[in-house]
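Report on one structure; see the data block that follows.
Numbering (the numbering used here), first residue to last: 1 to 71.
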């Protein structure tokens, strides 16, 4: 059996495709890069978060419990 091949008729145009990026496609990655670069350049400025005393005690007890079970 033979099959028929259909052609499109007109060849595609050779004009270059125009593509434009939205403003945020360049701004957001640049902003993220600059923020990460600032964090790497000045690590002394990054401080650990302070937890509430009650939460710290609860986490210590939970760690001791896990240490007793698996340690």
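Each residue gets a CB set at the ideal place from its N, CA and C atoms; glycine is no exception.
**Prompt:** Skipping 5 residues on each side, what residues in its chain have a beta carbon closer than 7 angstroms to that of residue 36?
**Reply:** none
**Message:** Tell me which residue opens and which closes the alpha helix (DSSP H) that residue 24 is part of.
**Reply:** Residues 24-41.
**Prompt:** Taking the C-alpha atoms as reference points, what is the distance between residue 24 and residue 18?
**Reply:** 18 angstroms
**Message:** Within the continuous alpha helix (DSSP H) that includes residue 64, where are the two ends?
**Reply:** 53-70
**Message:** To the nearest angstrom, how far is the alpha carbon of residue 29 from that of residue 20?
**Reply:** 16 angstroms
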